[in-house]
Amino acid sequence: MTDLPSLRESLDAHGLMAKKSFGQHFLLDLNVTRKIARLAGPFAGDAVIEVGPGPGGLTRALIESDAGRVIAIEKDARFLPLLRELDDGSGRLRLVEGDALKVDERSLVDGPAHLVSNLPYNVGTALLIKWLTGPWTPASMTLMFQKEVAQRVVAQPGEDAYGRLAVISQALCEARMVMSLPAAAFTPPPKVASAVVHLVPHAERLAEARIRKLERVTAAAFGQRRKMLRSSLKPLGGAALCEAAGIEPDARAETIDVAGFLRLADALT
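In terms of this note's numbering, the sequence shown opens at residue 18 and continues consecutively.
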């Protein structure tokens, strides 16, 4: 990687700029991308999947790491020629042109794989929900979001950011914020700060039916978060559901911890 031109030089050479419609904001400081790769690892030879590599700043850091393979999924075909320049001929880098929301990760790997990505802002939450609740479970996820979204992932009961995303994320993973970045770190700079969240799935994954119930309960509870649960959960059983789960019917969603929501899901028939 040391023989390659700088990321800015590569972008200029290919005449590339960020597309607002794709939510692109490039991270061009290799010291920062290397730090993200270190926070995500060690990978011990496992594969790493990166979504939205763009000019390849994080891709370079992942290739330098102990990942066995780096699989980069890029929707914007403009960047594929630039990314191909990162291939050192070892076969460790694989480029996949496609929409990560539609890609079946199971077709890309045959063993444990980690997700490490500076996610496009406009699809970051949707991708996280896909990886949390879908049929494929990553070994870990180290993902950059808008800081507001990152706070929603790690929030605790009673905090303003606590909501459906926190409950689902923490019911399925250990989640913590590991890094914050100002808008000025990106090109072009977004209007908000960013943060990196590291998620490790629990050793025992929830059954699919239980996940679907949790999604229903949290959607109802936080869909009307200012109402008492007896009202917001009325379509699912209201006060009777709360009592079956050992939850006070007059409580509001933001005061219920993850264990409480799991009890509500288990009480749902």
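Here a beta-carbon is modelled for each residue, glycine too, at the ideal position from N, C-alpha and C.
Given residue i as reference, the closest of the options once Cα atoms are compared
i	options	result
residue 211	101, 137, 73, 80	137
residue 72	205, 185, 170, 120	205
residue 22	103, 272, 146, 161	103
residue 245	230, 229, 264, 231	264
residue 142	225, 80, 40, 257	40
residue 227	161, 59, 80, 282	282
residue 62	35, 97, 126	126
residue 230	180, 179, 285, 257	285
residue 216	154, 47, 70, 90	154
residue 74	100, 267, 209, 115	100
CB contact flag (residue i, residue j, <7 Å)
i	j	result
residue 223	residue 237	no
residue 170	residue 157	no
residue 109	residue 86	yes
residue 274	residue 174	yes
Buried/exposed call for residue i, threshold 16 Cβ in 10 Å
i	result
residue 193	exposed
residue 132	buried
residue 124	exposed
residue 119	exposed
residue 240	exposed
residue 30	exposed
Inter-residue spacing [alpha-carbon to alpha-carbon] between residue i and residue j
i	j	result
residue 314	residue 111	As shown, the chain starts at 18 and ends at 286. That puts residue 314 outside it, with no answer to give.
residue 197	residue 81	23 Å
residue 140	residue 91	13 Å
residue 55	residue 69	19 Å
residue 159	residue 50	12 Å
residue 255	residue 235	13 Å
residue 36	residue 248	43 Å
Beta-ladder partner(s) of residue i, from DSSP
i	result
residue 132	66, 158
residue 218	190
residue 43	204
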